[in-house]
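Asker: Residue 287 in the numbering used here is what sits at position 287 of the sequence shown, and the numbering runs on without skipping anything. Below are the structure tokens for one structure; questions will follow.
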Amino acid sequence: MTEDRRPRGSQEPLDTAYDVALLDLDGVVYLGGTAIPGAAEALRKAGAAGMRLAYVTNNAFRTPAAIAALLTSFGAPASPEDVVTSAQAAARLLAERLPAGAPVLVIGGSGLRMAVRERGLRPVSTAAEQPRAVVQGYSPDVSYSMLAEGGLAVAAGALFVASNGDLTLPSRRGRQPGNGSLIRVIATATGVQPLVAGKPGPPLHRESVLRTGARHPLVVGDRLDTDIEAAHRVGTDSMLVLTGVTGPAEAVLAPPSQRPTYLAEDLAGLLEPHPDVTVKDGAFSCEGWTVLIAEDRLELDGHGERIDGLRALCAAAWAEAGDTDGHVSSEAVRGALERLER
């Protein structure tokens with residue numbers, strides 16, 4: 001077994017081991033517009049320890065100033081310069097491929113239009129204006145006529161860029177169609193697939209590093225398929241928090257491309273050392289917990305903090321699954337997870 005099949009330990013707190021935290025927002029700092037308990041305090045303490053905080057979001061609708069205002073209303077330290085959006089990453093993709101002042105048909109909200117304008121490009125609204133590119137981001141106001149104009153422009157040869165490919169977005173009423181669902185309209189009508197700027201693709205991470213000057217960043221998120229996979233794609237360490245989409249079962253069953261470097265209950269995980277998972281005689285141990293692989297199941301025994309038991313479980317399951325796309329079954333870990341939750 002190799003070391004990278006286990007959640008990693010750290011003898012020093014993560015807020016001093018890394019220079020910049022690249023933080024997802026929904027599910028990490030707030031959830032459905034409500035602050036996650038303790039998140040703002042943890043961020044203030046991490047900032048005081050010298051860690052720079054950057055809020056990295058696939059949301060292309062809001063402007064950085066609007067996002068920063070929301071964060072400060074929760075008590076989190078934030079300025080517009082601390083916010084990096086998929087709209088900004090998409091605008092950089094466009095600016096690197098188009099001449100200054102080129103017309104770009106924007107399907108989305110004010111955050112996307114502002115980002116395009118800040119890169120020296122000219123937002124337009126119709127295919128008749130012969131745009132050189134079409135950029136699409138989520139907005140609740142996206143209409144058929146806007147999609148039709150975008151489809152006409154892409155069919156005529158315009159470059160097609162999407163801010164992000166999230167199929168759904170969370171709401172108080174449940175999951176609703178996200179930008180990844182909406183871009184299928186133009187892609188299906190034209191047969192052209194867009195360049196995607198947001199997570200888990202590299203462009204948004206690159207934008208974040210360029211804007212923060214990060215040398216040793218830590219990606220922090222609640223989703224395996226966006227935040228953690230994005231970190232894997234660019235070779236950056238990550239911390240998964242359990243305050244959003246991903247629960248213990250999903251973490252244990254994560255495929256190799258979505259396994260986090262560190263596990264934490266919440267953002268307080270930035271402020272503390274992380275214990276090692278040790279292996280001896282086939283037993284995986286973390287603090288007071290031990291996991292054994294017994295035929296077709298994982299057996300958990302011990303006591304202590306839930307997160308330490310989860311670290312041991314992840315190490316055992318990831319070792320059993322290996323470095324390919326293999327994974328242990330949910331049945332194999334069900335009993336251990338029930339024991340952990342008790």
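All residues carry an ideal CB built from backbone N, CA and C; glycine is no exception. Source: prediction; values computed, not measured.
1. For the putative contact between D222 and G38, defined by C-beta atoms under 8 Å, what is the C-beta separation to the nearest angstrom?
2. Quick one: Cα of E81 to Cα of E207, how far?
3. Can you find the residues in the same chain that come closer than 8 Å, C-beta to C-beta, to A315, ignoring five residues on each side of it along the sequence?
4. Between D296 and L240, what straight-line distance do the alpha-carbon atoms span, to the nearest angstrom?
5. Would you mind reading off the limits of the alpha helix (DSSP H) that contains L53?
6. Quick check on this structure: which residue in R334, V56 and L25 has the alpha carbon closest to the alpha carbon of E250?
7. Counting only the same chain and skipping the five closest in sequence on each side, list residues whose C-beta sits under 7 Å from that of E3.
8. How about A115 and Q136: do their beta carbons lie closer than 9 Å?
9. Measure the CB-CB distance between A102 and A60 and report whether it falls below 9 Å.
10. Quick check on the DSSP output: the beta strand (DSSP E) that includes Y262 runs from which residue to which?
11. If you follow the alpha helix (DSSP H) that S257 is part of, which residue opens it and which one closes it?
12. Span of the beta strand (DSSP E) holding R122?
13. Less than 9 Å separating the beta-carbons of L224 and A42?
14. Touch check for the region 229–239 and the region 67–79: three-plus C-beta pairs under 8 Å?
15. Under 6 Å Cβ to Cβ from G180, same chain only, skipping five residues before and after it: list those, please.
16. Only counting the same chain, and skipping five residues up and downstream in sequence, which positions put a Cβ closer than 8 Å to that of S79?
17. Going straight from the alpha carbon of A35 to that of F74, what length do you get?
18. Measuring alpha carbon to alpha carbon, tell me which residue in G111, E305, V106 and S110 is nearest R122.
19. At 4 residues or longer, and completely inside the region 42–98: list those alpha helix (DSSP H) runs for me, N to C.
20. Once you ignore the five residues that flank M1 on each side, which residues in its own chain have a CB closer than 8 Å to its CB?
21. Which value, in whole angstroms, describes the spacing of the CA atoms of P77 and G213?
22. Can you tell me which of the three DSSP states V279 falls into?
23. Helix, strand or coil for D19? Go by DSSP, reduced to three states.
24. Round the Cβ separation of L71 and A21 to the nearest angstrom and send it over; I've been treating them as touching at under 8 Å.
25. Just to confirm, is the Cβ distance from A133 to L182 under 9 Å?
26. Do you know how far the Cα of H216 is from the Cα of L263?
27. Report the residue from G198, H303 and Q258 whose alpha carbon sits nearest the alpha carbon of T57.
28. With the cut-off set at 9 Å, would you say L300 and R259 are in Cβ contact?
29. Would you mind reading off the limits of the alpha helix (DSSP H) that contains I36?
30. Between A148, D266 and D281, which has its C-alpha nearest A294's C-alpha?
31. Can you list, in chain order, the residues of its chain with a C-beta nearer than 7 Å to that of E272? Leave out the 5 residues immediately preceding and following it.
32. Can you tell me the Cβ-Cβ gap for P255 and L337, rounded? I've got them flagged as a contact below 8 Å.
33. If you drop the 5 nearest sequence neighbours on each side, which residues of the same chain put their C-beta closer than 7 Å to that of S330?
34. Less than 9 Å separating the beta-carbons of T246 and L267?
Answerer: On the basis of the coordinates in this document:
1. To locate residue 222, count along the sequence shown from 1; it is residue 222. To locate residue 38, count along the sequence shown from 1; it is residue 38. Between G38 and D222 the Cβ distance is about 15 Å, and since that is not below 8 Å, they are no contact.
2. Translated into the one-based positions of the sequence shown, residue 81 becomes position 81. Translated into the one-based positions of the sequence shown, residue 207 becomes position 207. Roughly 12 Å between the two C-alpha positions.
3. The residue labelled residue 315 in the question sits at position 315 within the sequence shown. Contacts found: R5, R6, P7, V277, V279, F284, C286 and V291.
4. Reading the sequence shown from its first residue, position 296 is the one you call residue 296. Reading the sequence shown from its first residue, position 240 is the one you call residue 240. Using only the alpha carbons, I get a separation of about 27 Å.
5. Counted from its first residue, the sequence shown places residue 53 at position 53. Run containing L53: none in the alpha helix (DSSP H); it sits in the beta strand (DSSP E), R52 to T57.
6. By one-based count along the sequence shown, residue 250 stands at place 250. The residue with the shortest Cα to Cα distance from E250 is R334.
7. Reading the sequence shown from its first residue, position 3 is the one you call residue 3. Residue confidence is low: E3 scores 44 on pLDDT, short of 50, so the model does not pin down where it sits. Its coordinate-derived value is still stated next. Within the same chain, E3 has no close Cβ partners at all.
8. Counting from one through the sequence shown, the residue named residue 115 turns up at place 115. Counting from one through the sequence shown, the residue named residue 136 turns up at place 136. No.
9. The residue you call residue 102 lines up with position 102 of the sequence shown. The residue you call residue 60 lines up with position 60 of the sequence shown. Cβ atoms of A102 and A60: not closer than 9 Å.
10. For the purposes of this step, residue 262 is taken as residue 262 along the sequence shown, with counting starting at 1. Segment Y262 to A264, the beta strand (DSSP E) holding Y262.
11. In the sequence shown, counting from the first residue as 1, residue 257 sits at position 257. Following the DSSP letters along the chain, one finds S257 in no alpha helix (DSSP H), marked with neither H nor E.
12. Reading the sequence shown from its first residue, position 122 is the one you call residue 122. For R122, the enclosing beta strand (DSSP E) has its first and last residue at R122 to V124.
13. Numbered from its first residue, the sequence shown carries residue 224 at position 224. Numbered from its first residue, the sequence shown carries residue 42 at position 42. For L224 and A42, no; Cβs fall outside 9 Å.
14. With fewer than three CB-CB distances shorter than 8 Å, the region 229–239 does not count as touching the region 67–79.
15. Locating residue 180 in the sequence shown gives position 180, where the first residue counts as 1. The residues are G165, D166 and L167.
16. Here the question's residue 79 lines up with position 79 in the sequence shown. If we look at S79 and ignore the five residues flanking it on each side, its Cβ neighbours are A68.
17. Indexing the sequence shown from 1 puts residue 35 at position 35. Indexing the sequence shown from 1 puts residue 74 at position 74. So the alpha carbons of these two residues sit roughly 6 Å apart.
18. Position 122 of the sequence shown, counted from the first residue, corresponds to residue 122. Selected option, being the one with the closest Cα: V106.
19. Qualifying alpha helix (DSSP H) stretches, in chain order: 64–73 and 86–95.
20. The residue labelled residue 1 in the question sits at position 1 within the sequence shown. Its pLDDT being 34, under 50, M1 is placed unreliably by the model, and nothing is read from it.
21. Position 77 of the sequence shown, counting from 1, holds the residue named residue 77. Position 213 of the sequence shown, counting from 1, holds the residue named residue 213. CA-to-CA, the gap between P77 and G213 works out to about 19 Å.
22. On the sequence shown, position 279 is the one that residue 279 refers to. Strand at V279.
23. Here the question's residue 19 lines up with position 19 in the sequence shown. Of the three classes helix, strand and coil, the one that applies to D19 here is coil, per DSSP.
24. Within the sequence shown, numbered from 1, the residue matching residue 71 stands at position 71. Within the sequence shown, numbered from 1, the residue matching residue 21 stands at position 21. Rounded to the nearest angstrom, the Cβ distance from L71 to A21 is 13 Å, too far for a contact under 8 Å.
25. Taking the sequence shown and counting its residues from 1, the one referred to as residue 133 is at position 133. Taking the sequence shown and counting its residues from 1, the one referred to as residue 182 is at position 182. Result no, Cβ atoms of A133 and L182 do not sit closer than 9 Å.
26. Mapped onto the sequence shown, residue 263 falls at position 263. Mapped onto the sequence shown, residue 216 falls at position 216. Approximately 18 Å between the Cα atoms of the pair.
27. The residue labelled residue 57 in the question sits at position 57 within the sequence shown. Nearest to T57 by C-alpha distance, out of G198, H303 and Q258, is G198.
28. As a working note, residue 300 is residue 300 in the sequence shown. As a working note, residue 259 is residue 259 in the sequence shown. It is not a contact, given that the beta carbons lie outside the stated cut-off.
29. One-based indexing of the sequence shown puts residue 36 at position 36. For I36, there is no enclosing alpha helix (DSSP H), as DSSP gives it neither H nor E.
30. Residue numbering aside, residue 294 sits at position 294 when the sequence shown is read from its first letter. Ranking the options by Cα distance to A294, first place goes to D281.
31. Taking the first residue of the sequence shown as 1, we reach residue 272 at position 272. Cβ contact annotation for E272 (same chain, cutoff 7 Å, sequence separation greater than five): P13, in chain order.
32. Within the sequence shown, residue 255 is the residue found at index 255, counting from 1. Within the sequence shown, residue 337 is the residue found at index 337, counting from 1. Contact doesn't hold; Cβ gap of about 18 Å is too wide.
33. As a working note, residue 330 is residue 330 in the sequence shown. So the qualifying residues of the chain are A249 and L253.
34. Position 246 of the sequence shown holds residue 246. Position 267 of the sequence shown holds residue 267. Their beta carbons are not under 9 Å apart, which means T246 does not touch L267 by this criterion.
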